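Written below as structure tokens is the structure these notes are about.
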Amino acid sequence: MARLRTDEIMVAQQMVERRVPVRQVARQLGVDESSLRYRLRRPAEAPDGRQARPSVLEGWDARVDAVLARFDDPRLRGEPGATVEASVVHGVLQRDYGFLGSYQAVRRYLTRRFPVPVQAIRRVEPPPGVQARHDWFECTSRVGGELPPVYGLIGTLSYSRASFVWVSLGMQQLAWQTGHLALFQRYGGVPLWIRIDNLKTGVASGAGPTAVLTPAFATFARTCGFGVDPCRPARGSDKGKAERSVRTHRSLYADLLVASWAELPALQAALDARSALVQAQRRCPITGTPIAEALRAERAVLQPVPALQELFDCVVARRVSRAGLVSFEGRRYSVPFAWIGRQVEIRGTAQDVVVWAEGQAIARHPRHTRRTLVLEPTHYDGESTAPVTAPTPLGRRARLQLAARPYTALLPPPETVGRPLTQYLTLLGRAGV
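Whatever position you read off the sequence shown (first residue = 1), add 458 for our numbering.
Here it is as structure tokens:
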């Protein structure tokens, strides 16, 4: 669980004084409720006396050394190498020496007596326009008199430190892509790389450098022109800034996130106004100027925001069958016959199934219909191409059947009959019939 900073404790105290429930404040700050209550009761300047308490292993140095020597632990010689685990030392002390303390006491004793060298962290600052960090967080806001789960997508440009929050009522693929576009518009462009956590809407399998992106998000990223850099698992150095950004925004915007709003756009407008205020007040550590000024300079090197007409939550590649059909979500859809035998890309949008090829939409059908076979007759009309011969044209009977007209439409009208029935009767009379 994340630890509370001094400024977060001050924000929590102010919110509690305004009669905001402690449980709700803890949820907004992303900490445990009991930890928040403890810090609210304990003065900020009061020292923590837990580290000064004596260990239950005081006077056990010789016995602990004997256990470590039994396993040839290199810590006794002050050398690096593989060390024996604290759980093993705890077990031997219990069995051979009657130790009654806990495993945690042994672990703390070994850590205090044999401190581990601090691992240096390489600090890297990307150039302007190169990287942004995006991550979700959940908040509780009353919207329209109800209390639905509200999710905030935080985006921070790594160079200028300009941050924005886009709120949504869901975290599905369409919301994930829409949020990215909303952040790009607030940035004033698209960075070259986006660092994300290994969430399901972004990563289908794996993590970090070996992560496999979801097809929809991979296509979206390729269309927008940015690369995706997933964080490595269990590496705080990879996503520490992103998580710190989440905590910072929860504290900066905590009063807005717990207020009541008539509609979600009103909350979004308030968050944007607060972002502008924060960027005017805070300074960018790289340039030494206000974040707003650093953002204006970074916008000059960002890529233009793409003019995407519609977003999609599913994308697959399919080969067009000889009948001019492609399969998608348990249904078959027609495409122009000229694409038979070639591979196309199928995107599932909120309303339609759109078939793309060579950078353009070649077919569009309604999505999630009850039909399992969706056809467009005009897809089978047109001239032959070099690799594909046009289908046989429909005959007159087939056109009548498709138009739901009876067979009598094939008969000529009565006024066009070449020999009336009276002539046949006259001929029969002359023949004596």
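All C-beta atoms, glycine included, are put in the ideal place defined by N, C-alpha and C.
Predicted model only: the values in this text are computed from it and were never measured.
Legend entry - Nearest-angstrom beta carbon gap, Phe795 and His837 [assumed within contact, 8 Å]: Contact flag correct, Cβ pair sits at about 6 Å.
Inset, instruction - Tell me whether the beta-carbon of His592 lies closer than 8 Å to the beta-carbon of Ile579. - result: Against a cut-off of 8 Å, the Cβ pair of Ile579 and His592 comes out as no contact.
Legend entry - Segment contact, 8 Å Cβ cut-off, at least three pairs: the region 755-766 with the region 639-653: With the cut-off at 8 Å, the region 755-766 and the region 639-653 touch.
Inset, instruction - Flag this pair as touching only if the region 745-755 and the region 561-577 have three or more C-beta atom pairs under 8 Å; answer yes or no. - result: Taking 8 Å as the limit for Cβ pairs, the verdict is that the region 561-577 does not touch the region 745-755.
Legend entry - Nearest-angstrom Cβ-Cβ length linking Val716 and Ser599, presumed shorter than 8 Å: The pair is a contact, with the Cβ atoms about 7 Å apart (cut-off 8 Å).
Legend entry - CB contact flag (Ile652, Val686, <8 Å): Yes.
Legend entry - Proximal residues to Val588 (C-beta, below 8 Å), its chain only, five neighbours per side dropped: Apart from the 5 residues on each side of it in sequence, Val588 sits with its Cβ closer than 8 Å to the Cβ of Ser616, Tyr617, Pro649, Leu650 and Trp651 in its chain, given in chain order.
Legend entry - Own chain residues within Cβ distance below 7 Å of Leu833, not counting five before or after: Around Leu833: Ser792.
Inset, instruction - Assign Thr827 to one of two classes, buried (16 or more other C-beta atoms within 10 Å of its C-beta) or exposed (fewer than that). - result: Burial check for Thr827: the Cβ neighbour count within 10 Å stays below 16, so the residue is exposed.
Inset, instruction - Taking the CB atoms as reference points, tell me whether Tyr499 and Ile467 lie closer together than 8 Å. - result: In the sequence as presented, Tyr is not what sits at residue 499; that position holds Arg. Cβ distance not < 8 Å, so Arg499 and Ile467 don't count as in contact.
Legend entry - Asp523, DSSP secondary structure in three states: When secondary structure is reduced to three states using DSSP, Asp523 falls in the helix class.
Legend entry - Outcome for Leu494 when other beta-carbon atoms lying within 10 angstroms are tallied against a minimum of 16: With a 10 Å radius around the Cβ and a threshold of 16 neighbouring Cβ atoms, Leu494 comes out buried.
Inset, instruction - Please list, in chain order, all residues of the same chain as Val550 whose beta carbon is under 8 Å from its beta carbon, the five residues on each side excluded. - result: The answer, listed in chain order, is Val525 and Arg528.
Inset, instruction - Would you mind stating whether Thr830 and Arg789 have Cβ atoms separated by less than 8 Å? - result: Pairing Thr830 with Arg789 gives a Cβ-Cβ distance under 8 Å.
Legend entry - 7 Å Cβ shell around Asp810 - same chain, five flanking residues per side excluded: Cβ within range, chain order: Arg822, His823, Pro824 and Arg825.
Inset, instruction - Evaluate Glu721 with the Cβ neighbour count: other Cβ atoms within 10 Å of its Cβ, from every protein chain shown; 16 or more gives buried, anything less gives exposed. - result: By the neighbour-count definition (other C-beta atoms within 10 Å, threshold 16), Glu721 is an exposed residue.
Inset, instruction - Could you check if Glu803 is buried or exposed, using at least 16 other CB atoms within 10 Å of its CB as the buried criterion? - result: Glu803 should be labelled buried.
Legend entry - Enclosing alpha helix (DSSP H) for Leu641 [first to last residue]: Here the alpha helix (DSSP H) through Leu641 covers Gln631 to Tyr645.
Legend entry - Collapsed DSSP secondary structure at Leu611 in the structure displayed: Strand.
Legend entry - Contact between the region 629-647 and the region 750-759 (3+ Cβ pairs under 8 Å): Yes, the region 629-647 touches the region 750-759.
Legend entry - Beta-ladder partner(s) of Ile652, from DSSP: The partner list for Ile652 (beta bridge, DSSP) reads Ala590 and Val686.
Inset, instruction - Can you tell me which of the three DSSP states Ile820 falls into? - result: Strand, per DSSP.
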